[in-house]
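Asker: Quick one: the structure is below, and I'll ask about it shortly.
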Amino acid sequence: MGTSRSSLEDREFRVKARHTLLLTVVAVVCLPGAGRSQQGPPRVRREISGFDFRKDGVWRKQVRAVRSARQQLLRQRNFPALNAPLVTGGRAPRSQGAPLAAGPAVSGVLRVPAILFKFKNTPASQIRPTSQFDDVLFAPTPTGASAGRPYTYASYYAELSNGLLNVQGQTYGYAALDSNEVTYTGVPGTCTGNPYTGSTDCNGLFSPNAVARMQSALTEALRKLDGQIDWTQYDSDGDGFVDLVAFMQPALDGACGPRGNNHLWAHRFFLGPYRTHSTTVVNGRTVNVQVADYILESGVGGASGCDTTTIMPIGTVAHETGHGFGLPDLYDTDESSEGVGEYSLMGSGNYTSPFSPSRMDVWSLNELGWVVVAPLASGAYTFGPAQATVDTALFVPVTGSNPRGEYFLLENRQRVLSDSAMIRYHCQAWYASANPPASCGGGLIVWHVDSAQIADGVTTPGPNRDFNHVNVGPIHGLESIQADGFGNLDADPARRCYPGAPVVGCSDRGDAGDLYPGTTGNATLSIATLPSDGLNATGCPGFSLDTISQVVPNGAVRFVLNTGVQPLAVTTVPQLPGGQWGYSYNTVLRATCGGGNYRWSVVSGTPPPGVGLSQGGVLSGWPTDTGTYTFQVSVTDQTQTAGRGMTLHVVEPSLTLQQVLSLEFQGPALANGDQTRYLDLQGNRNNTFDIGDFLRWLGRTGNVAPAGVPVATARARP
8 MGTSRSSLED REFRVKARHT LLLTVVAVVC LPGAGRSQQG PPRVRREISG
58 FDFRKDGVWR KQVRAVRSAR QQLLRQRNFP ALNAPLVTGG RAPRSQGAPL
108 AAGPAVSGVL RVPAILFKFK NTPASQIRPT SQFDDVLFAP TPTGASAGRP
158 YTYASYYAEL SNGLLNVQGQ TYGYAALDSN EVTYTGVPGT CTGNPYTGST
208 DCNGLFSPNA VARMQSALTE ALRKLDGQID WTQYDSDGDG FVDLVAFMQP
258 ALDGACGPRG NNHLWAHRFF LGPYRTHSTT VVNGRTVNVQ VADYILESGV
308 GGASGCDTTT IMPIGTVAHE TGHGFGLPDL YDTDESSEGV GEYSLMGSGN
358 YTSPFSPSRM DVWSLNELGW VVVAPLASGA YTFGPAQATV DTALFVPVTG
408 SNPRGEYFLL ENRQRVLSDS AMIRYHCQAW YASANPPASC GGGLIVWHVD
458 SAQIADGVTT PGPNRDFNHV NVGPIHGLES IQADGFGNLD ADPARRCYPG
508 APVVGCSDRG DAGDLYPGTT GNATLSIATL PSDGLNATGC PGFSLDTISQ
558 VVPNGAVRFV LNTGVQPLAV TTVPQLPGGQ WGYSYNTVLR ATCGGGNYRW
608 SVVSGTPPPG VGLSQGGVLS GWPTDTGTYT FQVSVTDQTQ TAGRGMTLHV
658 VEPSLTLQQV LSLEFQGPAL ANGDQTRYLD LQGNRNNTFD IGDFLRWLGR
708 TGNVAPAGVP VATARARP
């Protein structure tokens, strides 16, 4: 599309004298078939934990070798070898040969049989010609049943892989099953674990019996169609297993809900396995080709994924295929945040627009060898968006100590290619309007990669006893640094932003404030900014970005990269942990970069009375009053000085009458003294808790001493 391979190679790897990297801008707008007025995720997470392909299923075993080779090349900074598959061979025809070509990239032909089945009680109106599914899944460009859509399953992956992956296949069926649908879903009322409130639907997943019933439908469909299919053509790597099978059932996806929608729930998993009639030779032995790894989804769904009148979209099959290449989920699988949100197919990008799923993030693309990785040095850069011919990620290394293997990737995400729908929706989310300003668009996304967290997330059991928790916990393996500082991707999903506009602390899956400079105009990223580029291990990253700007809408961005020694910076957030009147307070202020050996001081304003800041940065004491206290702190390493304004809220503790009575009249005071100190401070302040303090507390709080309490004869204290 308008850019030759040779000229593109020159542009990507030649940094001119003025240190400007110029990448050609190609804008291709792909609008989905239907819009949405407000951004909103499905009511529940549609993937159910505990269901996955085999460890070596689909292409996982081969891709591990590719990924290992790429990781080694990246550690060695051998970028010519890392990028060789795309620079020298991208978009070459991939119609023949083994599934993985030589070199550090996933390439070749993935052949997928699509198996349609129907239940005994499936209405005739739910049956569609197999050719329509071929149009949606395997057509090289949208046609027939997929006409008007931006992508087919095959064309989406062809573009995503820059021509290195060719998805082919054929649709077979319908296999007419012998029993009614409920035989294969499980009987409602017999299952637990369905995420829809109050639902006991089984959906083929929510009990061992339901899973067995569901898989009996798949094996029955295979038996009925076995003789019609040459299974050897679907074993691309010659291991005796069909690489991947896609099953389609005719009813609404059970994941669409609500309670009472007891249809089969889309998922990925593996069978027993099933032995087909086809034979092949593996390691010199003749064996029957077997079927194990599969995707099951609904054959209907349309633009919403839950429209029974329209043939299926491609979002689910595209996402699950990414798992077949060994990529982890990049949403937070324990659902305490949104992870990367809609900025990746492996996050929630398959939900953005099922007709046009978001692109993969550049970390995932790099794992597969589907992006050119260009290293950066200090200088000014102009960086174009993704193209239909090749994509580029900018690599920013970390200087100094780096025990967690952290680094940063820069990516220009604009309203082009399959990101068209995502960027439009994120503008709608930011402005809480179906018609945001035309000027709203994309920008520079800064990815913070933590190699240690990623390795742990795919090699050790997580909260759900699976190996799929890269973005679970306080440290994420792949984190988008959100330019607006609102942290909406990291917030609790129970606190949704919509239908209102994003604010600090509410949750969404992406909005127009996330990318730089974005709707907030944030043109700078450093260790001293909020948000910052601080490391998870040591804090100081050794680089900063400034003068970030959008050159043209949906096009290039500019920025300046500064590397090397970074200035001293305070990293403690301005809003300090709150305190309570009279209670012990202790928090440590943090700084990073500079020369170390920090000395702290308060330079203006005052902390709460009774609280002081030590030269070592410890803010401690016992607040002697309530209120909001704002003050400026300074830190020095003898050669540099940095500062930050701090705010500390001190509130009155909430004590019950029974607690106060037990302190003075019905038992000994607590050993730590916080409660008695507070009561004295709000009373007569004579350094002991006495009857005057108690009476003062009763008057201030409106409590009344119960009958029988010997108020007048309370013991005196020296």
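Using the numbering used here, you'd call the opening residue of the sequence shown number 8 and step up by one each time. Just so it is clear, CB atoms sit at the ideal spot from N, CA and C, and this is done for glycine as well. The structure presented is a predicted model; accordingly, all values stated were derived computationally and were not measured.
1. Quick check on this structure: which residue in GLY329, ARG230, TYR191 has the alpha carbon closest to the alpha carbon of ASN269?
2. Measure the C-alpha to C-alpha separation of THR286 and ILE236 and round it to an integer number of angstroms.
3. If you count every other CB in all the chains shown that lies within 10 Å of the CB of ALA441, and 16 or more means buried, which is it?
4. Taking VAL511 as the reference, give the member of PRO202, ALA519, ASP499, PHE493 with the closest Cα.
5. In this structure, how does DSSP classify SER355 when only helix, strand and coil are distinguished?
6. Nearest CA to the CA of ASP398: which residue from LEU383, GLY234, GLY652, GLU418?
7. Would you tell me roughly how many angstroms separate the C-alpha atoms of THR389 and ARG565, rounded to the nearest one?
8. Identify, in the order they occur along the chain, each residue of the same chain with its Cβ nearer than 6 angstroms to the Cβ of SER344, setting aside the five sequence neighbours on each side.
9. Any idea which residues DSSP pairs ARG502 with across the strands?
10. Check whether the region 361-374 and the region 317-332 touch, using three or more Cβ-Cβ pairs below 8 angstroms as the test.
11. Among LEU542, LEU532, CYS547, which one has its Cα closest to the Cα of THR554?
12. For ASP314, which beta-bridge partners are listed by DSSP?
13. Report the rounded CA-to-CA distance for GLU188 versus ASP463, giving the unit in angstroms.
14. Please determine if the region 303-320 and the region 340-355 are in contact, where contact requires at least 3 C-beta pairs separated by less than 8 angstroms.
15. What residue does the beta strand (DSSP E) around SER458 start on, and which one ends it?
16. Could you have a look at GLU166 and say whether DSSP puts it in helix, strand or coil?
17. Can you tell me where the beta strand (DSSP E) holding THR389 begins and where it ends?
18. Taking only beta-carbon atoms, is PRO410 less than 8 angstroms away from chain D?
19. Between GLY234 and the rest of its own chain, which residues show a CB-CB distance below 7 angstroms, the 5 nearest in sequence each way excluded?
20. Mind the definition here: the region 236-256 touches the region 115-122 only if three or more C-beta pairs lie below 8 angstroms; say whether that holds.
21. Can the beta-carbon of SER223 be found closer than 8 angstroms to that of LYS127?
22. Taking only three categories from DSSP, how would you classify SER214?
23. Excluding five sequence neighbours on each side, which residues of the same chain lie with their C-beta closer than 8 angstroms to the C-beta of VAL379?
24. Given a cut-off of 8 angstroms on the beta-carbon distance, is the pair GLN587 and GLY549 in contact?
25. Taking the alpha helix (DSSP H) that MET429 belongs to, which residues open and close that run?
26. In angstroms, rounded to a whole number, what distance separates the CA positions of TYR414 and GLY356?
27. Around the Cβ of ALA154, are there at least 16 other Cβ atoms within 10 angstroms (buried) or fewer (exposed)?
28. Quick check: VAL70 and PHE276, are their CB atoms within less than 8 angstroms of each other?
29. Around the Cβ of ALA299, are there at least 16 other Cβ atoms within 10 angstroms (buried) or fewer (exposed)?
30. In this structure, how does DSSP classify MET221 when only helix, strand and coil are distinguished?
31. Specify the secondary structure class of PHE415 as computed by DSSP and reduced to three states.
32. Need the endpoints of the beta strand (DSSP E) that ILE122 sits in, please.
33. Look at the Cβ atom of TRP272, then the Cβ atom of GLY354, and state whether they are nearer than 8 angstroms.
34. Counting C-beta neighbours from all protein chains within 10 Å, is the total for THR526 16 or more, i.e. buried, or is it exposed?
35. Rounded to a whole number of angstroms, what is the C-alpha to C-alpha distance between GLY40 and SER427?
36. To test your reading of the DSSP string, which unbroken beta strand (DSSP E) runs of 3 or more residues are found completely within the region 629-660?
Answerer: So, from the listed chains and residues:
1. Position 262 of the sequence shown, counting from 1, holds the residue named residue 269. Put simply, of GLY329, ARG230, TYR191 the residue whose alpha carbon is nearest the alpha carbon of ASN269 is TYR191.
2. As a working mapping, residue 286 is identified with position 279 in the sequence shown. As a working mapping, residue 236 is identified with position 229 in the sequence shown. Within the model, the alpha-carbon separation for THR286 versus ILE236 is close to 12 angstroms.
3. What you label residue 441 is simply residue 434 of the sequence shown in a count that begins at 1. It is exposed - the Cβ of ALA441 has fewer than 16 other Cβ atoms within 10 Å.
4. Taking the first residue of the sequence shown as 1, we reach residue 511 at position 504. Closest option to VAL511, Cα to Cα, is PHE493.
5. Within the sequence shown, residue 355 is the residue found at index 348, counting from 1. Judged by DSSP in its simplified three-state form, SER355 adopts helix.
6. Looking up residue 398 in the sequence shown gives position 391. Checking every option, the nearest Cα to that of ASP398 belongs to GLU418.
7. Start at 1 with the first residue of the sequence shown, and residue 389 comes out as number 382. Start at 1 with the first residue of the sequence shown, and residue 565 comes out as number 558. Using only the alpha carbons, I get a separation of about 4 angstroms.
8. Translated into the one-based positions of the sequence shown, residue 344 becomes position 337. Same-chain partners within the cutoff: ASP497.
9. Here residue 502 refers to the residue found at position 495 of the sequence shown. Paired residues: none, contrary to the question.
10. Short answer: they touch.
11. For this step, residue 554 is matched to residue 547 along the sequence shown. Residue nearest to THR554 within the set LEU542, LEU532, CYS547 is LEU532 (criterion: CA-CA distance).
12. To locate residue 314, count along the sequence shown from 1; it is residue 307. According to DSSP, which records beta bridges pairwise, ASP314 is partnered with GLY308.
13. Taking the sequence shown and counting its residues from 1, one reaches residue 188 at position 181. Taking the sequence shown and counting its residues from 1, one reaches residue 463 at position 456. So the alpha carbons of these two residues sit roughly 41 angstroms apart.
14. A contact is defined here as three or more CB-CB pairs under 8 angstroms, and the region 303-320 fails this definition with respect to the region 340-355.
15. In the sequence shown, the residue the question calls residue 458 occupies position 451. Per DSSP, SER458 belongs to no beta strand (DSSP E); it is in the alpha helix (DSSP H), 458-466.
16. Along the sequence shown, one-based indexing puts residue 166 at 159. Three-state DSSP puts GLU166 in a helix.
17. On the sequence shown, residue 389 is found 382 positions in, with the first residue counted as 1. Run containing THR389: 386-390, per the beta strand (DSSP E) assignment.
18. Considering every chain present, this structure includes no chain D. It has just one protein chain.
19. Counted from its first residue, the sequence shown places residue 234 at position 227. Taken in chain order, the residues that qualify are HIS284.
20. Yes, the region 236-256 touches the region 115-122.
21. Here residue 223 refers to the residue found at position 216 when the sequence shown is read from its first residue. Here residue 127 refers to the residue found at position 120 when the sequence shown is read from its first residue. Not closer than 8 angstroms, so no.
22. Numbered from its first residue, the sequence shown carries residue 214 at position 207. Three-state result, SER214: coil.
23. The residue given as residue 379 occupies position 372 in the sequence shown. Result list for VAL379: GLU19, ASN90, LEU93, VAL94, VAL397, ASP398, THR399, ALA400, in chain order.
24. In the sequence shown, the residue the question calls residue 587 occupies position 580. In the sequence shown, the residue the question calls residue 549 occupies position 542. No, they are not a contact pair.
25. Walking along the sequence shown from the start, residue 429 turns up at place 422. In the DSSP annotation of this structure, the continuous segment of the alpha helix (DSSP H) that includes MET429 starts and ends at 427-438.
26. On the sequence shown, position 407 is the one that residue 414 refers to. On the sequence shown, position 349 is the one that residue 356 refers to. Between TYR414 and GLY356, the C-alpha separation is close to 23 angstroms.
27. Working through the sequence shown from its first residue, we reach residue 154 at position 147. Per the 10 Å Cβ criterion, exposed.
28. For the purposes of this step, residue 70 is identified with residue 63 of the sequence shown, where counting begins at 1. For the purposes of this step, residue 276 is identified with residue 269 of the sequence shown, where counting begins at 1. No, Cβ-Cβ distance for VAL70 and PHE276 is not below 8 angstroms.
29. Taking the sequence shown and counting its residues from 1, one reaches residue 299 at position 292. Counting Cβ neighbours within 10 Å, ALA299 comes out buried, since at least 16 surround it.
30. To locate residue 221, count along the sequence shown from 1; it is residue 214. MET221: helix per DSSP, three-state reduction.
31. Residue 415 sits at position 408 when you count from the first residue of the sequence shown. Secondary structure of PHE415 (DSSP, three-state): strand.
32. One-based indexing of the sequence shown puts residue 122 at position 115. Looking at the DSSP string, the run of the beta strand (DSSP E) that includes ILE122 is 115-125.
33. Taking the first residue of the sequence shown as position 1, residue 272 is located at position 265. Taking the first residue of the sequence shown as position 1, residue 354 is located at position 347. Their beta carbons are not under 8 angstroms apart, which means TRP272 does not touch GLY354 by this criterion.
34. Position 519 of the sequence shown, counting from 1, holds the residue named residue 526. Under this definition THR526 is a buried residue.
35. In the sequence shown, counting from the first residue as 1, residue 40 sits at position 33. In the sequence shown, counting from the first residue as 1, residue 427 sits at position 420. Annotation note: pLDDT 33 at GLY40 (below 50); position unreliable, coordinate value reported separately. Rounded to whole angstroms, GLY40 to SER427 spans 12 angstroms at the Cα level.
36. As for any beta strand (DSSP E) of minimum length 3 sitting wholly inside the region 629-660, the runs are 634-643, 648-658, ordered along the chain.
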